[in-house]
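Those protein sequence lines, which keep their order, are chains A and B. So in our numbering, spot 314 of the first sequence is number 348, and the numbers just go up one at a time. So in our numbering, spot 9 of the second sequence is number 137, and the numbers just go up one at a time. The C-beta atom is built at its ideal place from N, Cα and C for all residues, glycine as well. The structure under discussion appears below in the form of structure tokens.
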Amino acid sequence: MAGLKIENIAKRFADVDVLKGVSLNIADGEFVSLVGPSGCGKSTLLRIIAGLEEQSEGDIHIGGKSVAGRRAADRNLSMVFQSYALYPHLTVLENIAVPLKMRRLNGWQRMPFLGRFMPGARRLVNDIDAEISQAANMLEIAHLLDRKPGQLSGGQRQRVALGRALVRNPAAFLLDEPLSNLDAKLRVQTRAEIAQLHRRLEATFIYVTHDQVEAMTMSDRIAVMMGGRILQCATPDVIYEDPDTIEVAEFIGSPKINILPVRCEAGGRLAFFDQTLDLRVTERINGAVSLGLRPEALQLCSENPVFQGTVAHTENLGAELYVQVGIPGLEGRIVVRADAARRADLGIGTLVGLRFDLARALVFDGQGQRVRCIETRATASSHEVA
Amino acid sequence: MAMTECSCTPATTTALSAQRQEGRAAWSLTAPALVLMFVILLVPVLVAGFLSFTNYSLGNNGFDWVGTKNYEKLFTRSTYEKMFVATFTYVVTVVPISVGFGLGAALLINSLGRFREVYKTIYFLPVMATLLAMAIVWEFMLHPSIGMVNHVLEMSCGTLLEVIPFIANGCVDRFPLWLGDPDYAIWVVCFIGVWQGFGFNMVLYLAGLTSVHRELYHAAEMDGAKSGWERFRLVTWPALGPTTVFVVTISCIRAFQAFDTIEAFWPQGGGPNKSAYVMMFAIFEKGVQQNLIGIGSAITMLFLAFVMFLTLIQRWLVERKVHYG
């Protein structure tokens, strides 16, 4: 087990910059997710860490030592691939045995047929079998050891791929979208199992996914990547509640955060259309300002609403209800989380009032950077207009 | 009771007639294929099988039933012993070498970035060329006195290459007659067979290589397979299993069918001392040139048996071993 240090990694394919100077420190035993939309460079970064691809610039340290110029096989990392990449001609047992045999047996002992008669081979193979059955028991695949990958279901193959990765105690585990080929139900189950496995092994995990739910539920820290850069790397709570940029705020969270165009008036007061809000920006900013409001930061109300609109669509998820509200003059709709019990009152076209929790409002400047210097103050004017 | 019978009988009859109609349509659609298969595949085989027990000659009004006499000849006469030796020498030499070279060339070409198409075309040229024409070119090259091959070999006389016994002997005495020498004739035919055939295997292997999952190589690398040989053994070779079975079967059948080189080199008689008297040539000589349909049919049946045997092995292997479903 070891920590990783990624220093200023850049990668260019022909004239396309895939990674533009990525730095990240991963502590020993930490679970870090690299999350971002497809094409953001997250898989490339993982493959560079693994050594399957070479970086154009930068360096990687594993356990304090630089691995520059060291090939993938010598980096002592395990990887779980999106397609699982199991050897189709080998049984589950043989698949899991491959990394151990490659490392512990010499060329003579690995020979087909004759290998087992080489001096020392029998003892080593017995050790390997013992370790495999231990790993198989942990992953509950002991009953599948004699089967070929073609005879397994997607979930079982996924476990075998995990087994092959964890059987040899690597410095870190690299997982490249390992759940994307599973159905929704199995994904939820496996998610919990991988998190448990991480707690049990206390190993370093680097997990690539485009699914923000996976990242939020499993990770110690999330690195949100976009356009070849890490926009923010922090704990799931911070990423969700306190994003640094509008891209991070928009990428994380489902349903998506509501972004309202607001104006910055004299004195830093923010105004939505012709209505002044109880928010004041205390630093000087130029250009347009956006206000980010999570669906749960908004409430439906009948008295003193900040703005009003009509219900355009409702999504009932059972425990909660997402109401899409159309505001006159605003492109797109505002999504509000409401109590499922209010379903009956919220027919399409109902006029509703909305207000929001000032403390949870996120303000972004014209470049999409977060503006943290804001003041909340209740004034009489907004009430009058409402 | 009577009521229900009455009400259900028409329904049953319509269902039955619909079924019958469907059956008729199915038969009428399969019939052309069945008839063609029967007429142009099965009937000739059955006729050949029947004739192999007779002494029939084309143009004769009748024939005598000779029993297994034709087959007895095949297994007792020295000419046919030579035929079996030549045929099996050819198959056993050409198949492994052309499969091996095909695989090697495919792997090399597959690892190339540029010039892939150029190499592919060059190696495939002998496959596309007419073997009969190519055989005439080879005949010139292998001519004992004016041929290019012996000229080149003579150039090595007096150089360091003379440490090789073959060249030393050639310089002292003379270089082989190639096509005229019973010791060399079949090997020259084998060489041309490999030269002509491996490009075809290469193309099949190149197609097979495209189906190898790239991520498996990365998995092998992560698992510690450092050398190219390890990765080949762990990923490439198993993935090429189905291709190999197909390539070997096709090569075997093609090797059994070797004919045009021998016909071009030695139109009368199948090589010096019948050393290159392969099966296909024997069928041609007996059945066509000498109009001995009976014995020709017997060799044909034997040939069919070999090919059938190979096909069965292939089917068995394919189902048993190389598909990892």
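Cα-Cα separation, residue i to residue j
i, j, result
"Tyr312 of chain B", "Ala410 of chain B", "20 Å"
"Gly55 of chain A", "Met259 of chain A", "12 Å"
"Thr249 of chain B", "Val222 of chain B", "21 Å"
"Gly197 of chain A", "Met145 of chain A", "24 Å"
"Lys182 of chain A", "Val126 of chain A", "6 Å"
"Val282 of chain A", "Val69 of chain A", "10 Å"
"Arg148 of chain B", "Gly184 of chain A", "41 Å"
"Leu305 of chain B", "Leu270 of chain B", "8 Å"
"Leu148 of chain A", "Leu158 of chain A", "15 Å"
"Ile96 of chain A", "Leu38 of chain A", "5 Å"
"Trp365 of chain B", "Arg328 of chain A", "55 Å"
"Asn171 of chain A", "Arg81 of chain A", "29 Å"
"Leu139 of chain A", "Ala155 of chain A", "7 Å"
"Tyr251 of chain B", "Gly327 of chain B", "5 Å"
"Thr132 of chain B", "Thr141 of chain B", "Per-residue confidence for Thr132 of chain B stands at a pLDDT of 46, beneath the threshold of 50, marking its modelled position as unreliable; no derived number is given."
"Val319 of chain A", "Val296 of chain A", "The residue asked about is misnamed: residue 319 of chain A is Ile in this sequence, not Val. Whole-angstrom Cα-Cα distance: 13 Å."
"Gly321 of chain A", "Gly360 of chain A", "25 Å"
"Ile40 of chain A", "Ser57 of chain A", "5 Å"
"Val357 of chain A", "Arg394 of chain A", "19 Å"
"Leu355 of chain A", "Arg376 of chain A", "8 Å"
"Glu299 of chain A", "Val315 of chain A", "10 Å"
Residue environment, residue i, which counts as buried when at least 16 other CB atoms sit within 10 Å
i, result
"Ile260 of chain B", "Correcting the residue type first, residue 260 of chain B is Leu in the shown sequence and not Ile. With fewer than 16 other Cβ atoms within 10 Å, it is exposed."
"Leu170 of chain B", "exposed"
"Glu64 of chain A", "buried"
"Met283 of chain B", "exposed"
"Met129 of chain B", "Model confidence at Met129 of chain B stands at a pLDDT of 42, short of 50, so the residue's coordinates are unreliable and nothing is read from them."
"Cys407 of chain A", "exposed"
"Glu447 of chain B", "exposed"
"Pro212 of chain A", "buried"
"Gly151 of chain B", "exposed"
"Glu349 of chain A", "exposed"
"Ser180 of chain B", "buried"
"Ser339 of chain B", "exposed"
"Gln143 of chain A", "buried"
"Thr410 of chain A", "exposed"
"Ser14 of chain A", "With chain A covering 35 to 420 only, the question about residue 14 of chain A has no answer from this structure."
"Trp193 of chain B", "exposed"
"Lys45 of chain A", "buried"
"Val50 of chain A", "exposed"
"Ser379 of chain B", "buried"
"Ala143 of chain B", "exposed"
"Asp93 of chain A", "exposed"
"Leu420 of chain B", "buried"
Contact belief for residue i with residue j at Cβ below 8 Å, rounded distance in angstroms
i, j, result
"Ala107 of chain A", "Lys354 of chain B", "5 Å"
"Gly189 of chain A", "Thr243 of chain A", "Between Thr243 of chain A and Gly189 of chain A the Cβ distance is about 17 Å, and since that is not below 8 Å, they are no contact."
"Met429 of chain B", "Gly195 of chain B", "Actually they are not in contact, since the Cβ atoms of Met429 of chain B and Gly195 of chain B sit about 14 Å apart, beyond 8 Å."
"Leu294 of chain A", "Phe306 of chain A", "6 Å"
"Val369 of chain A", "Pro289 of chain A", "5 Å"
"Leu79 of chain A", "Leu120 of chain A", "That pair is no contact at about 24 Å."
"Leu332 of chain A", "Leu208 of chain A", "The pair is not a contact, with the Cβ atoms about 39 Å apart (cut-off 8 Å)."
"Ala348 of chain B", "Arg359 of chain B", "5 Å"
"Leu289 of chain B", "Ile295 of chain B", "5 Å"
"Val101 of chain A", "Gly85 of chain A", "7 Å"
Proximity of residue i and residue j at Cβ, strictly below 8 Å
i, j, result
"Gly287 of chain A", "Leu396 of chain A", "no"
"Phe229 of chain B", "Val322 of chain B", "yes"
"Val386 of chain A", "Leu334 of chain A", "yes"
"Ala433 of chain B", "Met408 of chain B", "no"
"Cys318 of chain B", "Tyr218 of chain B", "yes"
"Gln266 of chain A", "Thr279 of chain A", "yes"
"Phe191 of chain B", "Tyr199 of chain B", "no"
"Thr404 of chain B", "Met330 of chain B", "Sequence check: residue 404 of chain B is Ala here, not Thr. No, they are not a contact pair."
"Tyr118 of chain A", "Ala206 of chain A", "no"
"Leu380 of chain A", "Pro339 of chain A", "no"
"Ala214 of chain B", "Val435 of chain B", "no"
"Val66 of chain A", "Asp245 of chain A", "no"
"Val422 of chain A", "Ile228 of chain A", "Nothing about residue 422 of chain A can be read from this structure; chain A reaches only from 35 to 420."
Near the ligand MG: residue i beta-carbon under 7 Å from a heavy atom
i, result
"Phe294 of chain B", "Ligands in the displayed structure: none, and consequently the ligand MG is not present."
Q) Where are the alpha helix (DSSP H) runs, 4 residues long or more, that stay fully inside the region 319 to 385 of chain B, in chain order? A) DSSP runs (the alpha helix (DSSP H)) wholly in the region 319 to 385 of chain B: 342 to 350, 356 to 359, 369 to 384.
(Q) Could you tell me which whole beta strand (DSSP E) segments of length 3 or greater appear in the region 236 to 276 of chain A? (A) Listed in chain order, they are 238 to 243, 255 to 260, 263 to 268.
**Q.** Ordered list of alpha helix (DSSP H) runs contained in the region 100 to 155 of chain A, each at least 4 residues
**A.** Runs of the alpha helix (DSSP H) inside the region 100 to 155 of chain A: 126 to 138.
Q) Hey, which unbroken runs of the alpha helix (DSSP H) at 4 residues or more fall wholly within the region 402 to 432 of chain B? A) If you keep only unbroken alpha helix (DSSP H) runs of at least 4 residues inside the region 402 to 432 of chain B, you get 407 to 411.
Q. For the region 320 to 353 of chain A, which segments carrying the beta strand (DSSP E) assignment without a break, of at least 3 residues, lie completely within its bounds, in sequence order?
A. The qualifying runs are 323 to 327, 332 to 335, 341 to 350.
**Q.** Continuous beta strand (DSSP E) assignments of at least 3 residues falling wholly in the region 290 to 314 of chain A
**A.** Scanning the region 290 to 314 of chain A for uninterrupted beta strand (DSSP E) segments of 3 residues or longer gives 292 to 298, 303 to 306, listed from N- to C-terminal end.
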